[in-house]
Amino acid sequence: MLLLGMCVFGLAAALFVVFKFSDIFQLNMGATRERQSERLIRQITRALGIAEKRVFDKARQLEALSRRLAASNLTLEDLNNMKSKFLSMVVHDVRTPLAAIRGYSELFAKSVETEKQKRMSANMVSAVDRLNLLVSDLTDVAMIEAGKLNIEKKPFAFGSLVSDLMPSIEINAGNKGVTLKYDRINPKAVINGDTFRISQVLQNLLNNAIKFTPKGGVVEVSTRPEGRRLVVNVKDSGIGIHPSETKRIFEKFYQAKYQKDVNLRKQGWGLGLSIAHEIIMQHGGEIGATSQGLGKGSVFWFKLPASFSEMRIGG
Ligand code: ADP
Numbered sequence: 077m078l079l080l081g082m083c084v085f086g087l088a089a090a091l092f093v094v095f096k097f098s099d100i101f102q103l104n105m106g107a108t109r110e111r112q113s114e115r116l117i118r119q120i121t122r123a124l125g126i127a128e129k130r131v132f133d134k135a136r137q138l139e140a141l142s143r144r145l146a147a148s149n150l151t152l153e154d155l156n157n158m159k160s161k162f163l164s165m166v167v168h169d170v171r172t173p174l175a176a177i178r179g180y181s182e183l184f185a186k187s188v189e190t191e192k193q194k195r196m197s198a199n200m201v202s203a204v205d206r207l208n209l210l211v212s213d214l215t216d217v218a219m220i221e222a223g224k225l226n227i228e229k230k231p232f233a234f235g236s237l238v239s240d241l242m243p244s245i246e247i248n249a250g251n252k253g254v255t256l257k258y259d260r261i262n263p264k265a266v267i268n269g270d271t272f273r274i275s276q277v278l279q280n281l282l283n284n285a286i287k288f289t290p291k292g293g294v295v296e297v298s299t300r301p302e303g304r305r306l307v308v309n310v311k312d313s314g315i316g317i318h319p320s321e322t323k324r325i326f327e328k329f330y331q332a333k334y335q336k337d338v339n340l341r342k343q344g345w346g347l348g349l350s351i352a353h354e355i356i357m358q359h360g361g362e363i364g365a366t367s368q369g370l371g372k373g374s375v376f377w378f379k380l381p382a383s384f385s386e387m388r389i390g391g
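Note that the sequence shown covers residues 77 to 391 in the numbering used here.
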């Protein structure tokens with residue numbers, strides 16, 4: 077902006093000089109006007125001097141500004157690195173005791189007798205699971221911020237990934253009273269990617285779909301080819317998303333504000349979709365969400381480069 081301003085000012089000054097010189101030319105026609113022309117020249121010289129000083133001052137301001145910007149960028153980068161290191165240290169220190177607590181909770185759950193004790197121990201196990209999930213999401217965020225999220229690509233059949241994942245997702249859907257459909261998966265789609273990470277994305281979208289769909293609803297995962305890409309859709313009949321938030325929910329820590337159910341919000345941290353976004357980007361793909369509005373369900377989709385072989389790989 078400053079540079080633009082300086083250029084415009086320079087141009088205006090040059091035009092001013094040209095016009096004034098043509099005035100001078102006319103004035104020179106008469107010897108009596110000589111004094112007037114001298115005055116004009118002095119005025120122009122003064123104007124040019126002022127213009128020059130302004131340009132110089134602006135350039136100096138710009139220089140100082142860019143020096144300050146460079147310095148604060150450096151500080152920001154240092155702070156960001158410190159934050160990432162701190163995050164990975166905390167995550168590491170929390171992980172080990174959590175694994176022990178998970179083990180003891182399961183042991184305890186097996187030994188209890190009364191219904192109340194069973195309910196309490198089930199709550200304890202799911203609380204530990206939630207904490208574990210948070211810790212692993214935070215680990216991923218720390219790795220993403222440090223630019224160290226490892227993606228190991230090799231070809232795999234997308235259909236096999238879905239078959240491997242579904243049993244655990246079905247338990248989750250069953251507990252919630254939500255019907256899960258997945259019979260429209262292209263069996264020929266092969267993706268060159270990180271199976272673990274792509275599975276993490278699909279798992280996240282499906283668990284979200286189940287979480288945000290009330291009892292009696294339907295969640296369906298389906299695929300379709302689009303040129304040399306595979307489009308994966310996760311459609312639900314749940315609470316939907318306000319149109320102004322379908323992009324923002326992919327930001328780190330963002331949870332939809334228009335959704336009124338505070339309890340649902342408390343069940344998460346707004347990290348899953350930002351991690352999913354990063355994973356899909358690192359595979360050269362795209363991810364997004366659409367919704368007809370609040371109460372009208374949502375479709376989460378991602379597109380990945382794929383080949384469609386005649387052979388069926390895996391089960
Ligand atoms: P979390 O679910 O842990 O809050 P996510 O990053 O997975 O974090 O999702 C961010 C937000 O996007 C959620 O808090 C919710 O507001 C919205 N969202 C995600 N999936 C759905 C869905 N299937 N239906 C409606 N809203 C959703």
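Cβ coordinates follow ideal geometry from the N, Cα and C atoms, glycine included.
Segment limits, alpha helix (DSSP H) that includes Pro243: First-last of the alpha helix (DSSP H) with Pro243: 234-252.
Beta-carbon separation (whole angstroms), Gly292 vs Ser374, contact threshold 8 Å: With a Cβ gap of about 17 Å, Gly292 and Ser374 do not count as contacting.
Inter-residue spacing [alpha-carbon to alpha-carbon] between Ile227 and Ile363: Between Ile227 and Ile363, the alpha-carbon positions lie close to 17 Å from each other.
Backbone secondary structure at Lys230 - three-state DSSP: Strand, per DSSP.
Heavy atom of the ligand ADP within 7 Å of Ser313 beta-carbon: No, the beta carbon of Ser313 sits no closer than 7 Å to any heavy atom of the ligand ADP.
Proximity test, Ala249 beta-carbon vs the ligand ADP heavy atom, cut-off 7 Å: The answer is no for Ala249.
Supposed contact pair Asp312 and Phe288 - C-beta distance, whole angstroms, cut 8 Å: That belief holds up - the Cβ atoms of Phe288 and Asp312 are roughly 7 Å apart, short of 8 Å.
Of the residues Gln343, Asn262, Ala175, Ile261, the one placed nearest Ile286, counting alpha carbons only: The candidate whose alpha carbon is nearest that of Ile286 is Gln343.
Buried versus exposed, by CB contacts within 10 Å (16 or more), Ile126: Counting Cβ neighbours within 10 Å, Ile126 comes out exposed, since fewer than 16 surround it.
Three-state secondary structure assigned by DSSP to Ala185: In the structure shown, Ala185 sits in a helix (DSSP, three-state: H, G or I).
Unbroken alpha helix (DSSP H) run spanning Gly419, endpoints: This structure cannot settle anything about residue 419, because the visible part of the chain is limited to 77 through 391.
Distance cut-off 7 Å: Tyr330 Cβ against heavy atoms of the ligand ADP: Yes - the ligand ADP has a heavy atom lying nearer than 7 Å to the Cβ of Tyr330.
Own chain, CB closer than 8 Å to Asp240, minus 5 neighbours either side, in chain order: Within the same chain, Cβ atoms closer than 8 Å to the Cβ of Asp240 are found at Ser275, the five residues on either side in sequence being excluded.
Val308 - partner residues in DSSP beta bridges: Looking at the DSSP assignment, Val308 forms a beta bridge with Thr299, Phe378.
Nearest-angstrom Cα separation, counted from Lys252 out to Ser187: Rounded to whole angstroms, Ser187 to Lys252 spans 26 Å at the Cα level.
Sequence-distant residues of its chain with Cβ nearer than 7 Å to Ser350 (five each side left out): Phe326, Glu327, Lys328, listed in sequence order.
Pick from Lys194, Leu380, Gly369 that is closest to Glu415, judged by C-alpha positions: One cannot answer for residue 415 here, as it falls past the ends of the chain, which runs 77 to 391.
8 Å Cβ cutoff met for Val211 and Ala249: At the C-beta level, Val211 and Ala249 stay beyond 8 Å of one another.
Close beta carbons around Arg171, own chain, < 7 Å, minus the five adjacent residues each side: The beta carbon of Arg171 lies closer than 7 Å to those of Val211 in the same chain, with the five residues before and after it left out.
Sequence-distant residues of its chain with Cβ nearer than 8 Å to Gly361 (five each side left out): So the qualifying residues of the chain are Arg305, Phe378, Lys379, Leu380, Pro381.
Residue span of the beta strand (DSSP E) that contains Ser350, given as start and end: Boundaries for Ser350: no beta strand (DSSP E) harbours it, while the alpha helix (DSSP H) harbouring it runs 348-358, taken from the DSSP string.
N-terminal and C-terminal residue of the alpha helix (DSSP H) that Ala218 is part of: Secondary structure note for Ala218: its alpha helix (DSSP H) is the uninterrupted segment 191-221.
Rounded C-alpha distance that separates Asp154 from Val310: The alpha-carbon atoms of Asp154 and Val310 are separated by roughly 39 Å.
Proximity below 8 Å, CB of Leu174 to CB of Leu207: Against a cut-off of 8 Å, the Cβ pair of Leu207 and Leu174 comes out as a contact.
CB-CB length for Arg261 against Phe232, believed under 8 Å: The question names Arg, but residue 261 is Ile in the sequence shown. About 13 Å separates the CB atoms of Ile261 and Phe232; that is not less than 8 Å, and the two are not in contact.
Closer than 7 Å: Ala146 CB and nearest the ligand ADP heavy atom: Outside the cutoff, so no.
Of the residues Met357, His353, Ser181, the one placed nearest Thr322, counting alpha carbons only: Distances from the CA of Thr322 to each of Met357, His353, Ser181 were compared; the closest alpha carbon is that of His353.
Paired residues, beta bridge with Ala365 - DSSP: In the DSSP assignment, Ala365 is bridged to Phe376.
Residue closest to His318, alpha-carbon to alpha-carbon, out of Asn280, Lys229, Gly369: Nearest of Asn280, Lys229, Gly369 to His318, Cα basis: Gly369.
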